[in-house]
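S.K.: First the structure, which I've put down as structure tokens, then a few questions once you've had a look.
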Amino acid sequence: MLRHEFQPGRLVAGVSLIVAGVVYAGDARGAWETPWFVIVPVLVGGLCLAAVTGLLARSLRRARKARKARRAAAEARAGEHTGQDRAAAA
Numbered sequence: 187m188l189r190h191e192f193q194p195g196r197l198v199a200g201v202s203l204i205v206a207g208v209v210y211a212g213d214a215r216g217a218w219e220t221p222w223f224v225i226v227p228v229l230v231g232g233l234c235l236a237a238v239t240g241l242l243a244r245s246l247r248r249a250r251k252a253r254k255a256r257r258a259a260a261e262a263r264a265g266e267h268t269g270q271d272r273a274a275a276a
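Taken in order, the sequence shown gives residues 187 to 276; the numbers are from my numbering.
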């Protein structure tokens, strides 16, 4: 059982922050030379992508919830009609 709801937007944001950390860690260790302005597109692009991903996931989740509610309401109405028919027959 899931302990919490999966949120792909937060996953994308976390990955972009990890990438930024790896870039600066590699620069600090001397593995490569990273200009200071490289981090701006990495973070801004990653956070924008995370926002789009989060909004898309939220809209899909809301649509699925609305679909379930419509199905449950239709089943409830179908159950009411059969119950009234039985009462009229008795």
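Each residue gets a CB set at the ideal place from its N, CA and C atoms; glycine is no exception.
Under the rule that 16 or more other beta-carbon atoms within 10 Å means buried, what is Leu224, buried or exposed?
M.R.: Position 38 of the sequence shown, counting from 1, holds the residue named residue 224. First, the amino acid is wrong: residue 224 is Val here, not Leu. It is exposed - the Cβ of Val224 has fewer than 16 other Cβ atoms within 10 Å.
S.K.: Who are the Cβ neighbours of Gln193 in its own chain at under 8 Å, not counting the five residues just before and after it?
M.R.: If you number the sequence shown from 1, residue 193 lands on position 7. Excluding sequence neighbours, Gln193 sits near Gly240, Ala243.
S.K.: Quick one: any contact between the segment 199–206 and the segment 217–231, if contact means 3 or more CB pairs under 8 Å?
M.R.: yes
S.K.: Quick check: what's the CA-CA separation for Gly216 versus Trp222?
M.R.: As a working note, residue 216 is residue 30 in the sequence shown. As a working note, residue 222 is residue 36 in the sequence shown. Going from the Cα of Gly216 to the Cα of Trp222 covers about 14 Å.
S.K.: Using alpha carbons as the reference points, say which of Glu191, Met187, Arg189, Leu197 lies closest to Leu235.
M.R.: Against the sequence shown, residue 235 aligns to sequence position 49. It is Leu197.
S.K.: Whole angstroms is fine: what's the gap from Arg189's alpha carbon to Ala249's?
M.R.: Residue 189 sits at position 3 when you count from the first residue of the sequence shown. Residue 249 sits at position 63 when you count from the first residue of the sequence shown. About 22 Å.
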